[in-house]
Structures are given as structure tokens and as C-alpha cells.
């Protein structure tokens with residue numbers, strides 16, 4: 061006969077305290093909200109990329125994440141898969157004139173954005189593209205209302221510049237880019253500098 065343990069539930073698992081259960085539930089809610097916000101941010105970026113493509117200024121696409129199938133397809137044509145490695149920079153492409161562009165997109169609802177939001181592999185990839193002459197940056201969304209294009213060297217050297225590995229809203233402000241409903245002008249400034257005067261019209 062199994063000895064009764066008040067710390068475990070009927071299934072034999074540890075029974076969480078009300079605090080732990082509520083904390084877990086809130087974490088799930090925050091995770092779901094973050095996924096929804098991230099998806100919306102991604103949609104805005106896609107619309108912006110389409111806008112730049114329609115004007116002949118740039119062709120920028122989302123980088124697909126490499127996956128490895130774990131088995132054969134089922135009757136519905138579905139299969140299980142896992143990511144084979146951490147994703148490369150979220151977006152990459154070419155500006156008019158031939159210069160490459162690569163960037164990561166990160167959303168936050170917090171008072172700051174932390175450097176560790178990028179994996180080491182993502183940082184290494186952005187650094188490699190930067191060294192080869194590509195325009196590399198991190199596009200930051202704060203609450204889906206304010207958007208910032210942080211140049212890769214600034215993100216990379218965050219600890220040396222700010223004395224810590226995060227940036228506050230005030231520190232992000234100098235990198236803000238204009239945005240309207242459903243469109244982020246993340247090439248603002250780059251347009252005239254790299255693409256010429258025609259890009260600003």
C-alpha cells in the first residue's frame with residue numbers, strides 16, 4: 061500500500077502550492093501574450109518588407125528556421141520535426157545597389173531590452189555579416205508602439221557603452237524609426253544614405 065504523502069496529489073505528482081500554481085499560470089499567460097505580440101510584430105515587418113520591395117528599394121525576407129523531420133508523414137501529411145540549430149538572423153536580403161542587410165527582430169513589453177535576447181549563434185552571424193560590409197542591426201519593438209533600429213556594433217558593445225548588458229527606453233530613443241499603422245520605416249536614414257535621394261520620396 062502506498063503511503064499517503066500530503067505533498068503529492070492523487071496522481072502521485074508534487075502538488076504545487078496556490079502561489080506556485082498561480083505563478084505557473086501567469087507565466088503561461090505571459091508566454092502566450094509574448095507569442096501573439098511576436099507574431100504581430102513579424103506581420104508588420106513582413107508588410108514593411110513588401111512595401112520596400114514594391115518600390116524597388118530592397119528585397120528582404122524572413123530566414124526559415126532549419127528543421128529535421130523525426131519520422132515519416134502521417135495520413136494527414138503531417139510529421140514531427142525539431143530545429144537542427146539556433147536560428148540565423150531573423151531577416152536578410154539585398155538593398156538596391158547590391159549591399160546586403162541582416163537583422164534580428166525582438167519585441168518587449170518591459171522597461172528595457174537585454175543583450176541576451178540574442179543567442180550566441182545569432183550574435184556570431186550578425187558579427188560575420190557586419191565584418192563583410194553588410195548593414196546589420198537589431199530591430200526592437202517596445203509594446204508594439206515604438207520601434208528602434210539598434211546598429212549591431214551598439215548592441216554588441218552594450219556592456220562597454222552603457223556599463224551593463226541592457227538598454228533602457230531612454231537609451232533606445234536615439235535609434236527610433238518612424239512607424240505608421242501596419243508599417244515600420246526600418247530603413248529610415250539608410251534610404252538616403254545608401255539608396256540615394258530617390259528613396260526618400
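Numbering (the working numbering), first residue to last: 61 to 261.
For glycine and all other residues, C-beta sits at the position ideal for the given N, C-alpha and C.
Distance CB(residue i)-CB(residue j) smaller than 8 Å
| i | j | result |
| --- | --- | --- |
| residue 207 | residue 198 | no |
| residue 228 | residue 164 | no |
| residue 173 | residue 226 | yes |
| residue 243 | residue 114 | no |
| residue 156 | residue 116 | yes |
| residue 216 | residue 187 | yes |
| residue 105 | residue 112 | no |
Residue environment, residue i, which counts as buried when at least 16 other CB atoms sit within 10 Å
| i | result |
| --- | --- |
| residue 251 | buried |
| residue 260 | For residue 260, the predicted structure reports a pLDDT of 49, less than 50, and the residue's modelled location is therefore unreliable. A value from the coordinates is still provided. With fewer than 16 other Cβ atoms within 10 Å, it is exposed. |
| residue 246 | buried |
| residue 221 | exposed |
| residue 192 | exposed |
| residue 184 | exposed |
| residue 41 | Limits of the chain in this structure are 61 at one end and 261 at the other, which puts residue 41 out of reach. |
According to DSSP, residues forming a beta bridge with residue i
| i | result |
| --- | --- |
| residue 243 | 240 |
| residue 226 | 174 |
Cβ-Cβ separation, residue j to residue i (assumed contact under 8 Å), whole Å
| i | j | result |
| --- | --- | --- |
| residue 175 | residue 218 | 5 Å |
| residue 212 | residue 230 | Actually they are not in contact, since the Cβ atoms of residue 212 and residue 230 sit about 21 Å apart, beyond 8 Å. |
| residue 162 | residue 118 | In fact, because the Cβ distance is near 12 Å, the residues do not count as touching under 8 Å. |
| residue 122 | residue 151 | 6 Å |
| residue 232 | residue 97 | Not a contact, Cβ separation roughly 17 Å. |
| residue 160 | residue 154 | 6 Å |
Would you list, in sequence order, the uninterrupted alpha helix (DSSP H) runs of no fewer than 4 residues that lie entirely inside the region 142–223? 180–191, 212–216, 218–222
Beta strand (DSSP E) runs contained entirely in the region 102–129, provided each spans 3 or more residues: Runs of beta strand (DSSP E) with 3 or more residues, each lying fully within the region 102–129, are found at 118–122, 127–129, listed in chain order.
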